[in-house]
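Chains as they are written, first to last, in numbering that gives the first Met the number 0: chain X, 0 to 248; chain D, 0 to 296.
Quick reminder that beta carbons are idealized off the backbone N, C-alpha and C, glycines included.
Input: a single structure, listed below in structure tokens.
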Amino acid sequence: MRPIRQEEIQVASALLTATSLKVRYGAVEAVRGIDFEIRAGEIVAFLGANGAGKSSTLNALVGLVALASGKVVFDGHEITNGKPETLVSAGLTLSPEGRRIFPTLSVADNLRMGAYSVVSKQKVAEAWERVFELFPILYERRNQLSGTLSGGQQQMLAVGRALMSGPRLLLLDEPSLGLAPKIVEQIFELIVRLREHEVTMAIVEQNVAMCLEVADRGYVMASGRIVFQGNASELKSTTFLQDAYLGGN
Amino acid sequence: MDFFVQQTLNAIALGGTYALLALGLAVVFSIMKLINFAHGELMTSAGYVLMYCGLHGVPFALSVALAILTSTVLAVLMERVAFRSVRNASGATMLITSFAVATVLQVLFQNLISSRSQPVLLPNFLSESVTVAGFVIGNNKIVAIVATVVMLGFLDWFMKYQKHGIAMRAAAEDFAVARLMGIRANTVIAGAFALSGLLAGVAAVLWVSQRASVDPLMGFTPVLKAFIAAILGGLGSLRGAVAGGFMLGFIEIYLAAFLPPDMQEFRDPIGLGIVVLLLLLRPNGLIPSPGLGAVKA
Ligand SMILES: Nc1ncnc2c1ncn2[C@@H]1O[C@H](COP(=O)(O)OP(=O)(O)OP(=O)(O)O)[C@@H](O)[C@H]1O
Ligand SMILES: [Mg+2]
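This is the structure in structure tokens:
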């Protein structure tokens, strides 16, 4: 897979900057003041045990959960607590944990909904072409009810649906969850191909080894805090990662 | 045989009206998890528009259009004024809100119009009948059946092929993810209410054209029946609502037609008994809505 190109990362400017993010569910503090940035062209990993606050972080970026405090800047504009329905047209979207495709809609209708916010007919046509080129299986199954797809196909649909909006920053929450090893490999190959399509990505993953193969940099979270950050090779060698998974909460 | 065909047409006409009403309830419920008991008052409002138009000699086609427009606009207003602020509240809160809206509207109809039943002037052709293949069929029945078919066809087309209809189905399945795609909550919910108002308006025209009168509580009984139909079909399921509506229409009409005279007074309990029996056999309804409030086996 593609090696890290440090110099490229250095010059790239931050596409998204998050400052002291906090997320609270009633008394539960899921995210306790974290700072991070995602630069254009990067693949950034968010790692950590169950309940570390990874999903809460991504969901807060797109406005699916409210921030208790903190600030998010995307592409030079503040989007703190922005509404999800407006962020997608700004170029930010999330492929949520658990895929969450619309099961009683056909594959094509799921994708059509992915492009709901896109006004330009030409852009929509390009998105169809790109997604069907990336996922020939979705083209084959376009008229099938998406609930009848296999797990791997559903994951591809979830990613394809997110791509239909033509995002500049795509947040992927556990794209390999519950998939057979062979399919997991396909998903990560796809992630590498997406970067070639100039999509910047943040990925939450349990599959640390695979994730660090494709990621440039990463953050390790534990109990709502970032406990380590570094580039992929640093992450591979740090004990923080083991601690974060074993120590958990 | 003649009698049977006659009663079957009656059942289709009545079932169709229930289906339209149940569909209106289901469209809103599937998206907001709100059972809108004020749906009946949408019907009543359309009924009063027909009454006033009749009094002022407005051509019937125009009064029908105005009646349907009124219930549609009222449905959207209802959402904006009453339901938007309780959108994320519990099911019980929303239910109580809908009772409140229904009661307020009933009181307004009673005080501003009349608490008594008012006649509605209808064009003569509705009370005439035609003879088709030896069967005498009331024009109002034909109109009801045709209008139901047209509305169901329109709704099916809208929900299947129109971007906004598909978006409604997507929002009904997973509202949060639908918002991620850029589907606006306000737009989808307002759209659902508009559709329910449209369906209530058409149902009101059909209901009034069989009875030629309107009163402040006119919508109560049919919407109660539609509610039963929606549950029978599978609450939140659009196809279920249609199936439940027709099923209930057939049960009611056939019982009224074929039950022995000395048992007629038990018609309603027997009808509801059949509904309960069907629900015992199919606890999630005839055509359950996927995943939604399903009874786990
Ligand atoms: N909707 C919610 N209501 C209450 N608590 C929640 C909610 N969502 C998450 N939490 C809690 O917030 C904490 C962080 O959860 P989050 O889902 O962000 O973790 P995660 O790192 O994504 O975990 P996983 O790897 O299991 O997906 C957990 O303690 C979780 O129980
Ligand atoms: Mg998670």
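### Task
Under 8 Å between beta-carbons, which chain D residues line up against Val87 (chain X)? List them in chain order, please.
Against the first sequence, residue 87 (chain X) aligns to sequence position 88. In chain order: Leu179, Met180, Gly181.
### Query
Apart from the five residues just before and just after Leu120 (chain D), which ones in its own chain have a Cβ nearer than 6 Å to its Cβ?
Sequence index remark: in the second sequence, residue 120 (chain D) carries index 121 (1-based). So the list reads Gly53, once near-sequence residues are dropped.
### Query
Under three-state DSSP, which class holds Gly260 (chain D)?
Position 261 of the second sequence, counted from the first residue, corresponds to residue 260 (chain D). Per the sequence shown, the amino acid found at residue 260 (chain D) is Pro instead of Gly. Looking at Pro260 (chain D) - three-state DSSP - the assignment turns out to be helix.
#### Entry: Terminal residues of the alpha helix (DSSP H) in which Ala107 (chain X) lies
Within the first sequence, the letter at position 108 stands for residue 107 (chain X). Segment 106-113, the alpha helix (DSSP H) holding Ala107 (chain X).
### Message
Pop quiz: Thr16 (chain D) and Trp156 (chain D) are said to be a contact at Cβ under 8 Å. What is the actual Cβ separation, rounded to whole angstroms?
### Response
Taking the first residue of the second sequence as position 1, residue 16 (chain D) is located at position 17. Taking the first residue of the second sequence as position 1, residue 156 (chain D) is located at position 157. About 20 Å separates the two Cβ atoms, so there is no contact after all.
### Query
Can the beta-carbon of Ala170 (chain D) be found closer than 7 Å to that of Glu78 (chain D)?
On the second sequence, position 171 is the one that residue 170 (chain D) refers to. On the second sequence, position 79 is the one that residue 78 (chain D) refers to. No, they are not a contact pair.
### Proximal residues of chain X, C-beta to C-beta of Lys32 (chain D) below 8 Å
Here residue 32 (chain D) refers to the residue found at position 33 of the second sequence. In chain order: nothing, as chain X lies at least about 17 Å away.
### Within the stretch 207-286 of chain D, ranges of the alpha helix (DSSP H) (whole runs, at least 4 residues)
Those alpha helix (DSSP H) runs which fall completely within the stretch 207-286 of chain D and span 4+ residues are 219-232, 237-257, 266-280.
### Message
If you measure from each CB to the nearest heavy atom of ligand 2 and keep those under 7 Å, what residues do you get, in chain order?
### Response
Matched residues: X:Lys53, X:Ser54, X:Glu96, X:Asp172, X:Glu173, X:Val203.
### Task
Examine chain X for any beta-carbon lying closer than 7 Å to the beta-carbon of Ala175 (chain D), and answer yes or no.
As a position in the second sequence, residue 175 (chain D) is number 176, starting the count at 1. So, interface residue.
### Task
Please name the residue or residues paired with Ala17 (chain X) in a DSSP beta bridge.
Mapped onto the first sequence, residue 17 (chain X) falls at position 18. BP columns for Ala17 (chain X) point to X:Phe35, X:Val71.
### Task
Tell me, to the nearest whole angstrom, how far the beta carbon of Ile252 (chain D) is from that of Met167 (chain D); I am working on the premise that it is less than 8 Å.
The residue you call residue 252 (chain D) lines up with position 253 of the second sequence. The residue you call residue 167 (chain D) lines up with position 168 of the second sequence. 32 Å between Cβ atoms; not a contact.
### Message
Does the beta-carbon of Gly62 (chain X), which I'm using as the reference point, lie nearer than 6 Å to any heavy atom of ligand 1?
### Response
Within the first sequence, numbered from 1, the residue matching residue 62 (chain X) stands at position 63. With a cut-off of 6 Å, the C-beta of Gly62 (chain X) is classified as distant from ligand 1, since no heavy atom of the ligand falls inside that distance.
### Task
Would you kindly report the start and end of the unbroken beta strand (DSSP E) that includes Asp173 (chain D)?
If you number the second sequence from 1, residue 173 (chain D) lands on position 174. No beta strand (DSSP E) holds Asp173 (chain D); DSSP gives it neither H nor E.
### Query
Going by C-alpha distance, which of D:Ile34, D:Leu234, D:Ala10 is nearest Ser89 (chain D)?
Numbered from its first residue, the second sequence carries residue 89 (chain D) at position 90. Ranking the options by Cα distance to Ser89 (chain D), first place goes to D:Ile34.
### Task
Report yes or no: is there a C-beta of chain X within less than 7 Å of the C-beta of Glu264 (chain D)?
Your numbering for residue 264 (chain D) matches position 265 in the second sequence. It does not: the Cβ of Glu264 (chain D) has no partner Cβ on chain X nearer than 7 Å.
### Query
If we count the other Cβ atoms within 10 Å of its Cβ and call it buried at 16 or more, is Ala302 (chain D) buried or exposed?
In the structure displayed, chain D extends from 0 to 296; residue 302 (chain D) sits before or after that span and is not available.
### Query
Taking C-alpha atoms, which residue in X:Cys210, X:Leu170, X:Ser145, X:His196 lies nearest to Ile100 (chain X)?
By 1-based counting over the first sequence, the position of residue 100 (chain X) is 101. The residue with the shortest Cα to Cα distance from Ile100 (chain X) is X:Ser145.
### Task
Taking only heavy atoms of ligand 1 into account, decide whether any of them is closer than 6 Å to the Cβ of Gly50 (chain X).
As a position in the first sequence, residue 50 (chain X) is number 51, starting the count at 1. With a cut-off of 6 Å, the C-beta of Gly50 (chain X) is classified as near ligand 1, since at least one heavy atom of the ligand falls inside that distance.
### Query
So does Val27 (chain X) have its beta carbon nearer than 6 Å to some heavy atom of ligand 1?
On the first sequence, residue 27 (chain X) is found 28 positions in, with the first residue counted as 1. The answer is yes for Val27 (chain X).
### Query
Mapping DSSP to helix, strand and coil, what is Met31 (chain D)?
Here residue 31 (chain D) corresponds to residue number 32 of the second sequence, with the count starting at 1. Three-state DSSP puts Met31 (chain D) in a helix.
### Task
Measure the beta-carbon distance from Phe45 (chain X) to Tyr218 (chain X) and round it to whole angstroms, keeping in mind my assumption that it falls under 8 Å.
Here residue 45 (chain X) refers to the residue found at position 46 of the first sequence. Here residue 218 (chain X) refers to the residue found at position 219 of the first sequence. Indeed, because the Cβ distance is near 5 Å, the residues count as touching under 8 Å.
### Query
What span of residues does the beta strand (DSSP E) with Thr130 (chain D) cover, start to end?
Residue 130 (chain D) sits at position 131 when you count from the first residue of the second sequence. Run containing Thr130 (chain D): 128-131, per the beta strand (DSSP E) assignment.
### Query
Excluding the five sequence neighbours on either side, which residues of its own chain have a C-beta within less than 6 Å of the C-beta of Ser288 (chain D), listed in chain order?
The count along the second sequence starts at 1 and reaches residue 288 (chain D) at position 289. Correct list, in chain order: Gly233, Gly235, Ser236.
### Message
Quick check: what's the CA-CA separation for Asp1 (chain D) versus Ser128 (chain D)?
### Response
By one-based count along the second sequence, residue 1 (chain D) stands at place 2. By one-based count along the second sequence, residue 128 (chain D) stands at place 129. Their backbone Cα atoms lie some 15 Å apart in a straight line.
### Task
Please decide whether Ile188 (chain D) counts as near chain X, where near means a Cβ-Cβ distance under 7 Å.
Translated into positions along the second sequence, residue 188 (chain D) becomes position 189. No, because no Cβ of chain X sits closer than 7 Å to the Cβ of Ile188 (chain D).
### Query
At what residues does the alpha helix (DSSP H) containing Asn139 (chain D) begin and finish?
Locating residue 139 (chain D) in the second sequence gives position 140, where the first residue counts as 1. For Asn139 (chain D), the enclosing alpha helix (DSSP H) begins and ends at 138-160.
#### Entry: Nearest candidate by alpha-carbon position, reference Pro174 (chain X), set X:Arg167, X:Ile182, X:Leu168
Residue mapping note: residue 174 (chain X) aligns to position 175 of the first sequence, counting from 1. Among X:Arg167, X:Ile182, X:Leu168, the Cα nearest to that of Pro174 (chain X) is on X:Ile182.
### Query
Roughly how many whole angstroms lie between the Cα atoms of Lys235 (chain X) and Asp74 (chain X)?
By 1-based counting over the first sequence, the position of residue 235 (chain X) is 236. By 1-based counting over the first sequence, the position of residue 74 (chain X) is 75. Near 30 Å, if we compare the C-alpha coordinates of Asp74 (chain X) and Lys235 (chain X).
### Task
Step through the CB atoms of chain D and report whether any lies within less than 7 Å of the CB of Leu156 (chain X).
Taking the first residue of the first sequence as 1, we reach residue 156 (chain X) at position 157. Closer than 7 Å: no.
### Message
So, does the stretch 63-70 of chain D touch the stretch 43-51 of chain D, judging by three or more C-beta pairs under 8 Å?
### Response
Verdict: yes, contact present.
#### Entry: Where the stretch 66-98 of chain X meets chain A: residues whose CB sits under 7 Å from a CB there
In the structure shown, chain A cannot be found, because the protein chains are X and D.
### Three-state secondary structure (DSSP) of Ile100 (chain X)
The residue given as residue 100 (chain X) occupies position 101 in the first sequence. In this structure, DSSP gives Ile100 (chain X) a state outside helix and strand, which the three-state scheme calls coil.
#### Entry: Burial state of Ile159 (chain D) (16 or more Cβ within 10 Å)
Here the question's residue 159 (chain D) lines up with position 160 in the second sequence. Per the sequence presented here, residue 159 (chain D) reads as Lys, with Ile not at that position. So Lys159 (chain D) ends up on the exposed side.
#### Entry: Buried or exposed by the 16-neighbour rule on C-beta atoms within 10 Å, applied to Arg178 (chain D)
The residue labelled residue 178 (chain D) in the question sits at position 179 within the second sequence. Burial call: buried.
### Query
For chain X, is any of its Cβ atoms less than 7 Å away from the one on Ala88 (chain D)?
Locating residue 88 (chain D) in the second sequence gives position 89, where the first residue counts as 1. No - not a single Cβ of chain X is within 7 Å of the one on Ala88 (chain D).
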